[in-house]
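Residue numbers (the numbering used here): 6 to 380.
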Ligand code: SF4
């Protein structure tokens, strides 16, 4: 990594605020008259501007003030990899030289027109990172191998979305779903994540309602409570992965601090939208947690919680000691639950060929020749 460039960028950025880290109300307070906030938001979130000088309907003085005190391009896209299934993995670099990954998932959405014809359109989900690295140390995850570097700021979380939308020409009004399932444990960076949820939901901005944003946690029980108290309206996903504490502690060491009962107790207290369910992620690993015995225990554990189980087949990576179960096993498990009234799906593994699937994102040590290099 070219340290000289990183150092120069750091010096420049230290004195500047990331403009994507401001709520609409904060910008209204900062600039007068108030409608300036609306103009700035439009440039950032409708025109995807990355340079204040482009904002031609702002007075020159204000453009200069923004230029001197704020930064509208805080992340560089270093590399984009595209999967056979059209998923894209983005490698971003922060101003202080850290790299992290985010993923764009593309699915087909079925729509019926007025004449009853079935139409298909694109449906987008952006999987954002909340930290560079992670402290949780899940046994199956590559992210954690590089250790924890730092939290991402709210503006850096928001900018992943604007840059990915802009890079793919996704129209501003086109709805996308956000999942906080990239690198990091979102609840270990709750302040920044909560603020990002709010900024992404701003009606004058990207307008991604909290209902379309899912925070996925490995189960920091007291933070689930804190998140619930904020009443943001977000969806909750819990990485459960096991039905007994022994196996869960092996997979997610933090289970020794907050065991399954403690996590589920907090989930029961969480304010879930009446139309929604709590998602339980179940990473299925061959011969470890793929039997019908486990399915039975899962039914008992989730009793009384409006839940949906999402089975993810383990994505093997080199050096991993776990194996992928057969699809047949996963189907039997899912059918068992579904026939007993617990909604269960098997998640399509997107982006497997570019290591963009769950638990495969990581910081990269890469040589960067110049800012903004994309390849
Ligand atoms: S799976 Fe998530 S919480 Fe666990 S180590 Fe990886 S990034 Fe952290």
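Note that CB positions come from ideal geometry on N, CA and C, so glycine has one too. Owing to the predicted nature of the structure, the values given are computational and were not obtained by experimental measurement.
So, is residue 226 buried or exposed, given that buried needs 16 or more other C-beta atoms within 10 angstroms?
Buried: at least 16 other Cβ atoms inside 10 Å.
Could you name the residues of the same chain whose beta carbon sits closer than 7 Å to that of residue 308, not counting the 5 residues immediately before and after it, in chain order?
So no residue of the chain qualifies.
Between residue 20 and residue 290, what straight-line distance do the alpha-carbon atoms span, to the nearest angstrom?
One C-alpha to the other measures close to 48 Å.
Three-state secondary structure (DSSP) at residue 89?
DSSP places residue 89 in coil when its eight states are reduced to three.
Assign residue 106 to buried or exposed, taking buried as 16 or more other Cβ atoms, counted over all protein chains shown, within 10 Å of its Cβ.
So residue 106 counts as buried.
Starting from the N-terminal side, write out each stretch of the beta strand (DSSP E) that is 3 residues or longer and does not extend beyond the region 44-90.
For the region 44-90, whole beta strand (DSSP E) runs of length 3 or above, ordered along the chain, are 81-87.
Starting from residue 341, trace the beta strand (DSSP E) both ways and give me its first and last residue.
Unbroken run through residue 341 is the alpha helix (DSSP H), 332-344; no beta strand (DSSP E).
Spell out the partners DSSP gives residue 168 in its beta bridges.
Beta-bridge pairing links residue 168 to no other residue.
Since residue 192 and residue 131 should fall inside the 8 Å C-beta cutoff, what is the C-beta to C-beta distance between them, to a whole number of angstroms?
At roughly 19 Å, the Cβ-Cβ gap does not stay under 8 Å, so residue 192 and residue 131 are not in contact.
If I follow the unbroken alpha helix (DSSP H) through residue 237, where does it start and stop?
Unbroken run through residue 237: none, as it is neither H nor E.
Please confirm whether residue 110 has its beta-carbon closer than 9 Å to some beta-carbon of chain D.
Judged by its chain identifiers, the structure shown contains no chain D, having just a single protein chain.
Which residues count as close to ligand 1 when the rule is a CB under 6 Å from any of its heavy atoms, in chain order?
Listed along the chain, these residues meet the criterion: 139, 141, 142, 143, 146, 148, 149, 188, 189, 190, 223 and 364.
Could you check what DSSP says for residue 302 in three-state terms: helix, strand or coil?
Of the three classes helix, strand and coil, the one that applies to residue 302 here is helix, per DSSP.
Find out if the Cβ-Cβ distance for the pair residue 171, residue 53 is shorter than 9 Å.
Taking 9 Å as the Cβ cut-off, residue 171 and residue 53 qualify as a contacting pair.
Tell me, please, which residues DSSP counts as bridged to residue 22.
Looking at the DSSP assignment, residue 22 forms a beta bridge with 75.
Between which two residues does the alpha helix (DSSP H) carrying residue 203 extend?
First-last of the alpha helix (DSSP H) with residue 203: 195-206.
If you draw a straight line from the alpha carbon of residue 62 to that of residue 174, how long is it in whole angstroms?
Each residue's Cα considered, the two are about 23 Å apart.
Going by DSSP, name the residue or residues bridged to residue 112.
Paired residues: 128.
Check whether the region 241-254 and the region 275-288 are in contact - that is, three or more C-beta pairs closer than 8 Å.
The answer is yes - the region 275-288 touches the region 241-254, with three or more Cβ pairs under 8 Å.
Quick check on the burial criterion: 16 or more other C-beta atoms within 10 angstroms. Buried or exposed for residue 108?
The residue is buried, with at least 16 neighbouring Cβ atoms inside 10 Å.
DSSP puts residue 351 in a beta bridge; with which residues?
In DSSP, residue 351 forms a bridge with 316.
Measure the Cβ-Cβ separation of residue 213 and residue 224 and say whether it is below 9 Å.
Not closer than 9 Å, so no.
Contact between the region 311-322 and the region 274-284: three or more CB pairs below 8 Å?
With the cut-off at 8 Å, the region 311-322 and the region 274-284 touch.
Which whole-angstrom value is the C-beta distance of residue 154 and residue 194, which I expect to be below 8 Å?
No, residue 154 and residue 194 are not in contact; Cβ-Cβ is about 12 Å, not under 8 Å.
Can you give me the C-alpha to C-alpha distance between residue 374 and residue 83, rounded to a whole angstrom?
Its pLDDT being 27, under 50, residue 374 is placed unreliably in this model, and the coordinates cannot settle the point.
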